[in-house]
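First the structure, in the form of structure tokens, and then the observations on it.
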Amino acid sequence: MLQRLPEVGWIQLESTDVSELALEKVAKLPNLWAVDFYDVRLESAGLRHLATSPKLEALNFIDTILDETALENIASCRHVGGLRLTGISDGDLRHLSRLHGLRGLGIKNCRLTDAGARQLVDELPGLTVLVIFNASFSDAVVAEFARLPKLEYLTLVDVPITDAGLSELKMCASLKGVSVKNSKATSASTTELRKSLPGVDVSIE
């Protein structure tokens, strides 16, 4: 059926089982540029087929658990520029380092430590957009993110950073927007950040 729809570029799979055969068929769509996986159970080996899709730009795994094989196969999709993942830890970052074209990264329920954040920054210097939901890292991690030389937009939701952490972003001259929700930061840090980086859109809720 998919082969009869060559114009399809964006596929969404939700609350279902996804076999290797299904992924192979999805990968053969000639105009495929994005695939979203919402709460699905994957045959991890099947993700390797997506590496053969020449126009694929974005992969989103929301509330979808990925094992080692899945992460290895995602890392083979070298042309992907946008990626969303759920539940990754420091040990998973070694796979992401192979995605040299990655520009946008979203992470939910991550288990990143300060060391992991440092590794992410060192291995993915091309990131321009970073979005993190529900993480418990320290202010020191924000200081690591501020080292990203091309970072333009940073969103942190349900992350317990304080004013001290937010102030670290003063060193990030490339920033255009910062959004922080459900943190320990206050409006005072918003004022200070705007003074240091005039023109940057800063929002704290």
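Going by my numbering, the sequence shown opens with residue 734, and the numbers climb by one from there.
Glycine included, each C-beta is placed from N, C-alpha and C at the ideal position.
Please identify the residue among the options whose C-alpha is closest to the C-alpha of residue i.
i       : options                            : result
Ser-822 : Val-935, Ala-848, Gly-814          : Ala-848
Asp-872 : Leu-889, Val-741, Pro-787          : Leu-889
Thr-749 : Ile-795, Arg-781, Ser-786, Arg-836 : Ile-795
Thr-785 : Leu-835, Asn-867, Glu-757, Leu-832 : Glu-757
Asn-842 : Gly-834, Asn-867, Glu-856          : Asn-867
Asp-800 : Pro-787, Gly-820, Arg-811, Pro-763 : Gly-820
Cys-905 : Arg-927, Leu-853, Leu-881          : Leu-881
Thr-802 : Asn-793, Lys-788, Asp-825          : Asp-825
Leu-746 : Leu-804, Asn-793, Glu-805          : Asn-793
Gln-852 : His-833, Arg-827, Arg-844          : Arg-827
Asp-855 : Ile-798, Arg-844, Val-864, Ala-879 : Ala-879
Less than 8 angstroms separating the beta-carbons of residue i and residue j?
i       : j       : result
Thr-923 : Val-935 : yes
Glu-776 : Val-751 : yes
Ala-767 : Leu-783 : no
Glu-885 : Thr-861 : yes
Leu-857 : Leu-887 : no
Leu-930 : Leu-908 : yes
Excluding the 5 residues preceding and the 5 following residue i in the sequence, name in chain order all residues of the same chain whose CB lies nearer than 8 angstroms to its CB.
i       : result
Leu-754 : Gly-779
Pro-893 : Ser-869, Ser-916, Lys-917
Leu-835 : Val-813, Gly-814, Gly-815, Leu-816, Leu-829, Leu-857, Gly-859, Leu-860
Arg-831 : Ala-808, Ser-809, Arg-811
Val-933 : Leu-908, Lys-909, Gly-910, Val-911, Leu-926, Arg-927
Once you ignore the five residues that flank residue i on each side, which residues in its own chain have a CB closer than 7 angstroms to its CB?
i       : result
Met-734 : Residue placement at Met-734 cannot be trusted, given a pLDDT of 46 that sits under 50; the coordinates are not used to answer.
Ser-809 : Arg-781, Ala-784
Ala-921 : Asp-896
Ser-912 : Thr-888, Ser-936
Go through its chain and collect everything with a Cβ distance to residue i's Cβ below 6 angstroms, but skip five positions before and after it.
i       : result
Glu-938 : Lys-914
Ala-850 : Val-874, Glu-877
Arg-774 : Asp-750
Which one or two residues does DSSP pair with residue i in a beta bridge?
i       : result
Gln-745 : Asp-769
Asn-793 : Asp-769, Arg-817
Gly-910 : Tyr-886, Asp-934
Ser-822 : Arg-844
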